[in-house]
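Undergrad:
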Ligand code: AMP
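Structure, rendered in structure tokens:
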């Protein structure tokens with residue numbers, strides 16, 4: 002049994018309950034089930050067979066969520082396509098993914114040719130879900146060609162555990178073609194929840210409206226989205242549980258969220274290549290114990306997680322099989338994957354992440370490591386600073402020097418005093434050599450701070 006069987010079971014009870022809401026569309030369970038079968042029929046009529054690659058170039062709409070499930074229903078290999086970058090890159094990605102078909106939503110983008118999502122539905126022919134399928138996910142936040150992580154189905158037992166959670170009204174804020182949005186959509190369908198889709202590009206005004214109108218009691222953010230909501234003049238009061246993750250969460254902001262919403266903020270640590278690595282449940286975060294605001298929690302009991310020379314390595318059912326077109330992890334490293342994150346465990350098994358290895362700033366006469374994340378977290382505790390990103394700037398004498406990109410709340414900030422505060426808190430090594438004030442920090446396709454883009458200004 003795969004998750005598709007369980008989703009179909011859910012959609013076959015309580016016909017009139019809301020299943021998926023997005024934009025102007027509101028689908029009941031019965032309507033969602035009908036459309037799911039129609040989309041599967043449309044795919045097979047056009048010749049899609051088990052094992053075929055189907056690329057989807059779609060935004061956050063109810064139809065697109067069901068399209069993704071339909072590809073799995075017929076046993077296809079679902080290939081997510083990022084909303085950007087340029088046409089040539091997208092075409093190259095499609096080629097590299099070796100797909101047999103492309104489905105596009107022209108309302109989302111016109112850069113690719115393919116079958117139009119709106120024309121795809123055929124007849125609502127009931128069918129038994131294929132026993133296996135695959136998903137190919139692009140890694141976010143990269144320039145040039147993203148890597149394509151392949152995840153396979155067939156892990157019996159995992160879906161059932163997820164499906165046993167109670168139904169909720171879930172607001173998903175990230176792209177459904179990226180790990181977090183896709184995972185949220187699947188969880189919502191599995192649990193028989195109402196899935197409410199935020200727009201493909203997050204905006205806090207819409208969030209505030211949807212949270213109120215759809216009586217949301219569970220929502221999923223990457224940290225910068227949560228910060229925007231917290232800073233919004235109409236930020237909702239306690240009403241929902243939160244799942245936040247996908248990028249470093251500043252302890253100060255986590256504290257603020259808990260003060261605003263109560264002890265309801267769960268943090269997850271995962272990545273495109275390895276989902277659900279660790280989790281910090283809301284109940285274990287204690288405002289009087291600062292470490293509990295810094296940790297990403299304990300490892301998922303189904304996953305093996307180790308640190309080797311400071312790098313976090315993972316193995317288990319939520320780790321990808323490998324990159325498309327490359328040897329599998331099983332073949333190269335006995336299933337182990339180096340996350341590229343640097344971290345350590347404390348004696349109680351809580352994991353702390355220092356930085357991504359590519360964000361570490363190697364500086365000074367002895368080429369020591371400056372963990373940019375420590376700086377980012379500290380800077381936002383200073384008056385007037387709303388967001389901060391420390392990156393490496395090439396420097397003849399130091400190798401790399403610390404440069405700060407800051408977003409202020411409009412007040413004047415004084416660089417000398419910032420530098421003094423940093424040195425007093427974190428030591429001489431962390432001393433920033435330059436800074437730039439920006440109206441906002443650039444973000445990746447999924448809404449995380451894009452440090453690569455910031456670094457590229459120095460090249
Ligand atoms: P992506 O593959 O684009 O989803 O990015 C995954 C990366 O985001 C991870 O390798 C981590 O560097 C970072 N990340 C994800 N979750 C967390 C978290 N809870 N805390 C800190 N960093 C995180």
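Residue numbers (this note's numbering): 2 to 460.
Where a beta carbon is used, it is the ideal one built from N, C-alpha and C, also for glycine.
If you're wondering where the values come from, they're calculated on a predicted model, not measured in any experiment.
What I want to know is whether the C-beta of residue 248 ends up closer than 7 Å to one or more non-hydrogen atoms of the ligand AMP.
TA: One-based indexing of the chain shown puts residue 248 at position 247. Residue 248 Cβ: within cutoff of the ligand AMP.
Undergrad: With DSSP run on the structure shown, which of helix, strand or coil describes residue 26?
TA: As a working note, residue 26 is residue 25 in the chain shown. If DSSP states are grouped into helix, strand and coil, residue 26 belongs with the strands.
Undergrad: According to DSSP, simplified to helix, strand and coil, what is residue 177?
TA: In the chain shown, residue 177 corresponds to position 176, counting from 1. Coil, per DSSP.
Undergrad: Can you check DSSP and say which residues form a bridge with residue 262?
TA: The residue you call residue 262 lines up with position 261 of the chain shown. DSSP lists no partner for residue 262.
Undergrad: Quick check on residue 48: buried or exposed, where buried means 16 or more other Cβ atoms within 10 Å of its Cβ?
TA: As a first step, residue 48 must be located in the chain shown, where it is residue number 47. Classification of residue 48: exposed, given that the 10 Å Cβ count is below 16.
Undergrad: How many angstroms separate the CA atom of residue 223 from the CA atom of residue 364?
TA: Indexing the chain shown from 1 puts residue 223 at position 222. Indexing the chain shown from 1 puts residue 364 at position 363. Residue 223 and residue 364: Cα-Cα distance of roughly 29 Å.
Undergrad: Are any of the Cβ atoms in chain D nearer than 8 Å to that of residue 435?
TA: Of the chains in the structure shown, none is chain D; there is only one protein chain.
Undergrad: In the DSSP assignment, find the alpha helix (DSSP H) that holds residue 6 and state where it starts and stops.
TA: Here the question's residue 6 lines up with position 5 in the chain shown. Residue 6 -> alpha helix (DSSP H) spans 4-12.
Undergrad: Quick check: what's the CA-CA separation for residue 459 versus residue 453?
TA: Along the chain shown, one-based indexing puts residue 459 at 458. Along the chain shown, one-based indexing puts residue 453 at 452. Spanning the two alpha carbons is a distance of roughly 11 Å.
Undergrad: Would residue 91 and residue 121 qualify as a contact pair, given that the criterion is a beta-carbon distance under 8 Å?
TA: On the chain shown, position 90 is the one that residue 91 refers to. On the chain shown, position 120 is the one that residue 121 refers to. Contact: no.
Undergrad: When you compare only the Cα positions, how much space is there between residue 14 and residue 181?
TA: Here the question's residue 14 lines up with position 13 in the chain shown. Here the question's residue 181 lines up with position 180 in the chain shown. Approximately 27 Å between the Cα atoms of the pair.
Undergrad: Tell me the rounded alpha-carbon separation between residue 295 and residue 346.
TA: Indexing the chain shown from 1 puts residue 295 at position 294. Indexing the chain shown from 1 puts residue 346 at position 345. Each residue's Cα considered, the two are about 12 Å apart.
Undergrad: Exposed or buried, what is residue 403 when buried is set at 16 or more other beta-carbons lying within 10 Å of its beta-carbon?
TA: For the purposes of this step, residue 403 is identified with residue 402 of the chain shown, where counting begins at 1. Answer is buried; the Cβ neighbour count reaches 16.
Undergrad: Please state whether DSSP places residue 89 in a helix, a strand or coil.
TA: Start at 1 with the first residue of the chain shown, and residue 89 comes out as number 88. It is helical.
Undergrad: Rounded to the nearest angstrom, what separates residue 344 and residue 308 at their Cα positions?
TA: Within the chain shown, residue 344 is the residue found at index 343, counting from 1. Within the chain shown, residue 308 is the residue found at index 307, counting from 1. Each residue's alpha carbon lies about 7 Å from the other.
Undergrad: For residue 8, which residues in the same chain have their Cβ closer than 7 Å to its Cβ, ignoring the five residues on either side in sequence?
TA: Taking the chain shown and counting its residues from 1, the one referred to as residue 8 is at position 7. Here the set comprises 70, 190, 191.
Undergrad: At the level of alpha carbons, what is the spacing between residue 348 and residue 78?
TA: Indexing the chain shown from 1 puts residue 348 at position 347. Indexing the chain shown from 1 puts residue 78 at position 77. Straight-line Cα distance between these residues: approximately 42 Å.
Undergrad: Taking its Cβ as the centre, do 16 or more other Cβ atoms sit within 10 Å of residue 333, making it buried, or is it exposed?
TA: The residue you call residue 333 lines up with position 332 of the chain shown. Exposed is the call here.
Undergrad: Just checking residue 140 against the ligand AMP - is the residue's beta carbon closer than 7 Å to any of the ligand's heavy atoms?
TA: Within the chain shown, numbered from 1, the residue matching residue 140 stands at position 139. The answer is yes for residue 140.
Undergrad: Does at least one heavy atom of the ligand AMP sit under 7 Å from the Cβ of residue 342?
TA: Here residue 342 refers to the residue found at position 341 of the chain shown. The answer is yes for residue 342.
Undergrad: Measure the alpha-carbon distance for residue 253 versus residue 170 and round it to whole angstroms.
TA: As a position in the chain shown, residue 253 is number 252, starting the count at 1. As a position in the chain shown, residue 170 is number 169, starting the count at 1. The straight-line gap from Cα to Cα measures roughly 28 Å.
Undergrad: Ignoring anything shorter than 4 residues, give me the alpha helix (DSSP H) runs that lie fully in the stretch 252-318, in order along the chain.
TA: For the stretch 252-318, the full-length alpha helix (DSSP H) segments reaching 4 residues or more read 252-262, 292-295 along the chain.
Undergrad: For the ligand AMP, I want to know if residue 357 counts as a neighbour, meaning its beta carbon is within less than 7 Å of at least one of the ligand's heavy atoms.
TA: Here residue 357 corresponds to residue number 356 of the chain shown, with the count starting at 1. The closest heavy atom of the ligand AMP lies less than 7 Å from the beta carbon of residue 357.
Undergrad: State yes or no: is the C-beta of residue 297 nearer than 7 Å to some heavy atom of the ligand AMP?
TA: Here the question's residue 297 lines up with position 296 in the chain shown. Checking every heavy atom of the ligand AMP against the Cβ of residue 297, one is found closer than 7 Å.
Undergrad: Give the C-beta separation of residue 185 and residue 173 to the nearest angstrom, bearing in mind that I take them to be a contact with Cβ-Cβ under 8 Å.
TA: Position 184 of the chain shown holds residue 185. Position 172 of the chain shown holds residue 173. Right, their Cβ atoms sit about 4 Å apart.
Undergrad: Helix, strand or coil for residue 138? Go by DSSP, reduced to three states.
TA: The sequence position of residue 138 within the chain shown is 137, counting from 1. It is a strand residue.
Undergrad: Using DSSP's beta-bridge definition, name the partner residues of residue 208.
TA: Within the chain shown, the letter at position 207 stands for residue 208. For residue 208, which the question treats as bridged, DSSP gives no partner whatsoever.
Undergrad: Three or more beta-carbon pairs under 8 Å between the stretch 21-38 and the stretch 60-75, yes or no?
TA: yes
Undergrad: Can you give me the start and stop residues for the alpha helix (DSSP H) that residue 401 sits inside?
TA: Sequence index remark: in the chain shown, residue 401 carries index 400 (1-based). From DSSP, residue 401 is part of no alpha helix (DSSP H) but of the beta strand (DSSP E) over 400-409.
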